[in-house]
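The structure appears below as structure tokens.
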Amino acid sequence: MSAKVKTVLITGCSAGGIGGALAEAFHESGYHVFATARTPSKIAKSLATAPKVTVLKLDVLSSDSIREAVENVKSQTGGKLDVLVNNSGGGLILPALDTSIEEGKKLFDLNFWAPIAVTQAFAPLLIDAKGCLVNNSSITGKIPMLYNSMYGASKAALINASETLRLELARFDVRTITLISGGVKTNFFENNQATRLPDGSRYEDEKEFIYGLSDGRLQANAVNSKDYAHKVVREVEKGTTGKLWVGSGAGGAQYAVRLLPQWMIDRLMEGHMRSAAPK
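Every position in the sequence shown, counted from 1, becomes a number in this note's numbering once 7 is added.
Below, the structure written as structure tokens:
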């Protein structure tokens, strides 16, 4: 591989998601893309067969799979990686009282511990390249949203860890960008398990509203994944570091967090969510 070609590895590149859109945007910007997924066949064929794209199997919950991906990238790049994008993640819409601890831990494994494990494994390659780490989080990690406690908590943990990594990696000339992502039109909700309240739930009267949040209707007016991805790539290219609020509603959420009292933020968020609920 030519030393002049910049490289990026992205986790969770299945077709129809943010990862796939990011892979295409980086590829269009001239990067050699390592497009990864737990099931590589889910990566869009147009991307998988494109020049300067290497498809890798990567299960971010498996230390052996992570280790194998690192060795594969090292063998092709001479031990360097310009950009690492931790994008893989999952969701869970359910009241906290109805969420089992086991379910919560599984979500934290995917949304928090997995990106930390991938970062640790690829850190030597990023440091050698004086590269850029990108962690994809959510505005839900900054603003509480009804029935998203476990998801929001996992993303809040990632935001804090990512911003601390920014400080710790700066001494090695590695930049860190923490994406505070708002609405993006993807198949995210299609790939998550359907919400079901347990028998005897105290939230039975909210059942239709809660189920409605799980069908993707909140993405109706979201930015398309291509525009989102190109915005992220532009920020990587121009040397951005720190928190980057991007996606539909992200700008307003950033303003709200900085300037509005919590009671007003709560009211605005609930109003937004209920406006999209089934009538």
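Idealized CB from N, CA, C, for every residue including glycine. Since this is a predicted model, take the numbers as computed values, not measurements.
Straight-line Cα distance separating residue j from residue i
i: tryptophan 120; j: leucine 114; result: 9 Å
i: serine 70; j: leucine 267; result: 42 Å
i: aspartate 273; j: proline 151; result: 7 Å
i: glutamine 226; j: glycine 190; result: 6 Å
i: leucine 99; j: tryptophan 270; result: 24 Å
i: leucine 29; j: aspartate 105; result: 34 Å
i: asparagine 228; j: alanine 163; result: 24 Å
i: threonine 183; j: lysine 52; result: 30 Å
i: lysine 245; j: glutamate 35; result: 16 Å
i: lysine 81; j: arginine 265; result: 42 Å
i: alanine 263; j: leucine 251; result: 15 Å
i: serine 169; j: arginine 45; result: 23 Å
i: asparagine 315; j: glycine 96; result: Outside the shown range of the chain (8 to 286) lies residue 315, about which nothing can therefore be said.
i: alanine 128; j: arginine 281; result: 42 Å
i: threonine 248; j: arginine 173; result: 8 Å
i: asparagine 167; j: asparagine 142; result: 11 Å
i: proline 122; j: proline 205; result: 30 Å
i: glycine 24; j: phenylalanine 195; result: 6 Å
i: methionine 276; j: serine 156; result: 14 Å
i: glutamate 242; j: aspartate 212; result: 44 Å
i: valine 344; j: leucine 16; result: The question about residue 344 has no answer here: the residues shown for the chain are numbered 8 through 286.
i: serine 161; j: leucine 54; result: 30 Å
i: lysine 11; j: threonine 84; result: 11 Å
i: serine 107; j: cysteine 20; result: 29 Å
i: leucine 165; j: lysine 149; result: 11 Å
i: alanine 22; j: lysine 112; result: 27 Å
i: proline 131; j: glutamate 109; result: 33 Å
i: threonine 18; j: lysine 233; result: 17 Å
Short Cβ contact (7 Å threshold) for residue i with residue j
i: valine 125; j: valine 67; result: yes
i: proline 47; j: valine 62; result: yes
i: alanine 32; j: histidine 279; result: no
i: glycine 254; j: serine 208; result: no
i: alanine 57; j: isoleucine 50; result: no
i: threonine 193; j: isoleucine 217; result: no
i: glycine 26; j: asparagine 94; result: yes
i: tyrosine 154; j: threonine 147; result: no
i: tyrosine 38; j: lysine 13; result: yes
i: tyrosine 210; j: proline 102; result: yes
i: threonine 171; j: serine 144; result: no
i: valine 181; j: leucine 117; result: no
DSSP beta-bridge partners of residue i
i: isoleucine 17; result: Ala42, Val92
i: tryptophan 252; result: Ile187
i: leucine 114; result: None; leucine 114 has no bridge partner.
i: valine 60; result: Val40
i: leucine 220; result: Leucine 220 is not bridged to any residue.
i: asparagine 143; result: Leu186
i: valine 230; result: Val191
Test: residue i CB closer than 7 Å to a CB of chain D
i: tyrosine 218; result: Chain labels in this structure do not include chain D; a single protein chain is all it has.
Mind the definition here: the segment 257-266 touches the segment 173-185 only if three or more C-beta pairs lie below 8 Å; say whether that holds.
-> no
Give, in chain order, every unbroken run of the alpha helix (DSSP H) that is at least 4 residues long and sits entirely within the segment 145-199.
-> 156-177
Hey, is the segment 222-239 in contact with the segment 74-83, meaning 3+ C-beta pairs nearer than 8 Å?
-> no
Can at least three beta-carbon pairs, one atom from the segment 79-89 and one from the segment 136-147, be found at a separation below 8 Å?
-> yes
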